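J.:
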C-alpha cells in the first residue's frame, strides 16, 4: 500500500492518538505523527505491533521522542531491536504470555518431534507435560482426543478429585464443546463413576475468569489464581493476545493446559494470532515448545475423496487451480460451486435457498425446535456491507420469507421465528458475543402474542429474555464468516462478493468452507476467489520470536 493510500485509511481516532503521543513526547514534524497514527491503525486491524523493519523509517529519530522507549526504557510506546513498534501494554502482554507458555512447556522432557502426529501421540504428550497444543481441521478428532486425555488423567489420579474446567472464546463454541463431550462420555467403555468425574459443562473464557463490568478486569488473576488442576480451551485460534495473556496470568503453576484449535482458520477479531504464533515457534526443533504441539491430520468426518476435504485442503495450500477444478466437479455430494448470480437471477436463486433452508426453523412450534433447526442451515458472507454483505442480505431474506408467508407480513422488528446474533458481551445476563438465539412466544404463556428472546443456557435448556433488555444484536439468517467461527451447520451457502476486498483471504475462504458439516455451496466470481486464496492473512507480532529467544 502506498503512503498516500495508507493515510486515507486512518481515522480521526488514529490522528488524535498520534497528536497525543506527539504532544507528550515533545516530538516535531510528520515522522512521529504518521508513524504513531499507523500504529493505532495496525492495532485496529488486528496486529500486535507496527513492523518498521521493511520500511525506510528513521528509527533513531523516533527514539528522540520521549514517548517512545525500548525494552529497557519505560515509555508509552516500545520500539524493540527488530524494528517493531508497540503500545506498551501489548508489548507487556506478549512478554508475559511468552514467559508463561515457556514455563509450562519446561515441565516436559526436551525432545525433537515433528508436529504431525496421531491421536495416540497427542494423548501421550498431554499426559507428559503441563502444556499441550492440539491443532487440526474440523473432523480430525481434537475433542475426542481431549476426552481420552481427561479419562486417563482422572483414572491416574483416582486418589484425588481433579479440578477440571472446559472453556471456549464464545458461548456458541462452549455449547458445541459441551454437546460433543456429552455424546462422547456416554460412549466411553468405563464405569459410571469415571464418567461422572469427566466434566461436560463448558463456559466462555470471560465467564471462567469472572469478568467484571467492562470485561477487562477479572476476579481471577495473578494474585487470585483459578482453583484448577486441568484446563481445556477449545477454538484457541479465536483467542486474542490480551485475553490469552490474562488467562495464563490466572493459572496456577502446576495447572495442566490443553489448547485445541485450527491454526489455518481466521485469527481472532481482536489483536493477535496466538495459536499460529505458537505453532510457528514449535516448528523449530530447538524450541522449548517443540514437543508440546501436535497437528492431527487424519480426518474422521470427511473421507479423503470428500470434496469439502479436498477443497479446504487445496485452499489451505493456496492451490487455486485445484480449488477451481474441485468446485467445477458435477458429481460431488457435499460441495458445489456456481458463478455468482446477478440481477433477477440472484434474487430468484437466493429466494429458493432461503425458503428451502429456513422454512422448518421459522415454522417451528417451540423455541427449542426453532434453535435446533436454525443450526442446520446458514448463509455466510465475507462482508457486512454492500450488495453481497450480511446487512443487505438479511433484509432481502426477511422480504422473501414474508412473500412466502413464512413470517407475518405485518410483523415488526420483533417477530416469531427471528434468529438473532449477540454482538456485545453482557456479563449480567451471561449472553456473549457470538451467541445465537431466536425470538419466540412462551408456549406455556396465556399471552401468545408476547415475544421473548430464547438462548440455550449452560445446561442446554432454553433461557428467555425480554428483547428490549438484550445487549446489541443483529438478525442472523446471514452471518459473516468471522461471526460464524466456533459454529458449524449441516449446510452452508457461502456467498462471496462481486469484487475484491482486503478482508478476503485464504483463511476466510478456508474457514467459510469448513463451517459445513455435510454440504456447502459457494457462489463466486473466479477472479475474486483467485485473489482471496492468493492473499494469506498476516498478523504482525513478536510472539514467535519471544518464544524462540531462549533457544538462540
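Residue numbers (the numbering used here): 106 to 657.
Beta carbons are placed, not taken as given, at the ideal position from N, Cα and C, and that holds for glycine.
In this text, all values refer to a predicted model and were calculated from it rather than measured experimentally.
For the ligand HEM, is there a heavy atom less than 6 Å away from the beta-carbon of residue 511?
T.: No copy of the ligand HEM occurs in the structure displayed, which carries no ligand at all.
J.: Determine, using beta carbons only, whether residue 385 and residue 649 come nearer to each other than 7 Å.
T.: Closer than 7 Å, so yes.
J.: Check each candidate in 353, 599, 283 and name the one with the smallest Cα separation from residue 442.
T.: For residue 442, the nearest C-alpha among the options comes from 599.
J.: Mapping DSSP to helix, strand and coil, what is residue 308?
T.: Three-state result, residue 308: strand.
J.: As a quick exercise: from 279, 254, 274, pick the residue whose alpha carbon is nearest that of residue 267.
T.: Selected option, being the one with the closest Cα: 254.
J.: If you scan the segment 591-635 from start to end, which runs of the alpha helix (DSSP H) of 4 or more residues do you find wholly inside it?
T.: Listed in chain order, they are 611-618.
J.: For residue 196 and residue 624, I'd like the C-alpha separation in whole angstroms.
T.: Cα to Cα, residue 196 sits roughly 43 Å from residue 624.
J.: Given that a residue counts as buried once 16 or more other Cβ atoms are within 10 Å of its Cβ, and exposed if not, what is residue 175?
T.: It is exposed - the Cβ of residue 175 has fewer than 16 other Cβ atoms within 10 Å.
J.: Taking only three categories from DSSP, how would you classify residue 351?
T.: Residue state, collapsed to three classes: helix.
J.: In whole angstroms, give me the CA-to-CA distance for residue 418 and residue 595.
T.: Each residue's alpha carbon lies about 19 Å from the other.
J.: For residue 154, which of 189, 161, 162, 141 has the nearest alpha-carbon?
T.: Minimum Cα distance to residue 154 is reached at 189.
J.: Identify, in the order they occur along the chain, each residue of the same chain with its Cβ nearer than 8 Å to the Cβ of residue 555, setting aside the five sequence neighbours on each side.
T.: Excluding positions up to five away in sequence, the list reads 546, 547.
J.: Would you report the Cα separation of residue 223 and residue 252, rounded to the nearest angstrom?
T.: If I take the Cα positions, the gap works out to 15 Å.
J.: Residue 390: buried (16+ other C-beta within 10 angstroms of its C-beta) or exposed?
T.: That one is exposed.
J.: Three or more C-beta pairs closer than 8 Å, one from the segment 425-435 and one from the segment 255-264: is that the case here?
T.: Judged by Cβ distances under 8 Å, the segment 425-435 makes no contact with the segment 255-264, as fewer than three pairs qualify.
J.: Just checking, does the segment 333-351 make contact with the segment 370-389 on the three C-beta pairs under 8 Å criterion?
T.: Flag = yes, the segment 333-351 and the segment 370-389 touch.
J.: Please tell me whether residue 352 has its Cβ less than 7 Å away from any Cβ of chain C.
T.: The structure shown contains no chain C, having only a single protein chain.
J.: Is DSSP giving residue 189 helix, strand or coil here?
T.: The answer is strand: DSSP assigns residue 189 an E or B state.
J.: Is DSSP giving residue 570 helix, strand or coil here?
T.: Of the three classes helix, strand and coil, the one that applies to residue 570 here is strand, per DSSP.
J.: Quick check on residue 340: does DSSP put it in helix, strand or coil?
T.: Looking at residue 340 - three-state DSSP - the assignment turns out to be coil, as it is neither helix nor strand.
J.: Closest to residue 288 by C-alpha separation, out of 506, 304, 212, would be which residue?
T.: Measuring from the Cα of residue 288, the nearest candidate turns out to be 304.
J.: When the Cα atoms are used, what is the spatial distance from residue 106 to residue 180?
T.: The predicted position of residue 106 is uncertain, since its pLDDT is 49 and thus under 50; no value can be drawn from it.
J.: Which one of 534, 532, 571, 533 has the shortest CA to CA distance from residue 544?
T.: That would be 571, whose Cα lies nearest to the Cα of residue 544.
J.: According to DSSP, is residue 249 part of a helix, a strand, or is it coil?
T.: Correct three-state label for residue 249: helix.
J.: In angstroms with no decimal places, state the Cα-to-Cα distance between residue 452 and residue 310.
T.: Computed Cα separation, rounded: 41 Å.
J.: Return the Cβ separation of residue 506 and residue 479 in integer angstroms, given the expectation that the two are a contact with Cβ distance under 8 Å.
T.: With 8 Å as the limit, residue 506 and residue 479 do not qualify as a contact, their Cβ atoms being about 13 Å apart.
J.: For residue 194 and residue 168, I'd like the C-alpha separation in whole angstroms.
T.: Taking the straight line from one Cα to the other gives about 18 Å.
J.: Report the option in 336, 481, 115 whose CA atom is closest to the CA atom of residue 150.
T.: It is 115.
J.: Within the segment 352-439, note down every full alpha helix (DSSP H) run reaching 4 residues or more, in order along the chain.
T.: The qualifying runs are 379-387, 412-422, 425-432.
J.: Pop quiz: residue 606 and residue 445 are said to be a contact at Cβ under 8 Å. What is the actual Cβ separation, rounded to whole angstroms?
T.: That pair is no contact at about 14 Å.
J.: Tell me which residues share the same chain as residue 375 and place their Cβ nearer than 6 Å to its Cβ, disregarding the 5 neighbours each side in the sequence.
T.: Around residue 375: 345.
J.: Tell me the start and end of each unbroken beta strand (DSSP E) in the segment 528-570 that is at least 3 residues and wholly inside, in chain order.
T.: You should have 541-546, 556-561, 567-570.
J.: Below 8 Å on the Cβ atoms is my contact criterion, and I expect residue 123 with residue 145 to pass it. Report the Cβ-Cβ distance as a whole number of Å.
T.: At roughly 7 Å, the Cβ-Cβ gap stays under 8 Å, so residue 123 and residue 145 are in contact.
J.: Nearest to residue 242 by CA position, among 160, 527, 447, 400, is which residue?
T.: That would be 400, whose Cα lies nearest to the Cα of residue 242.
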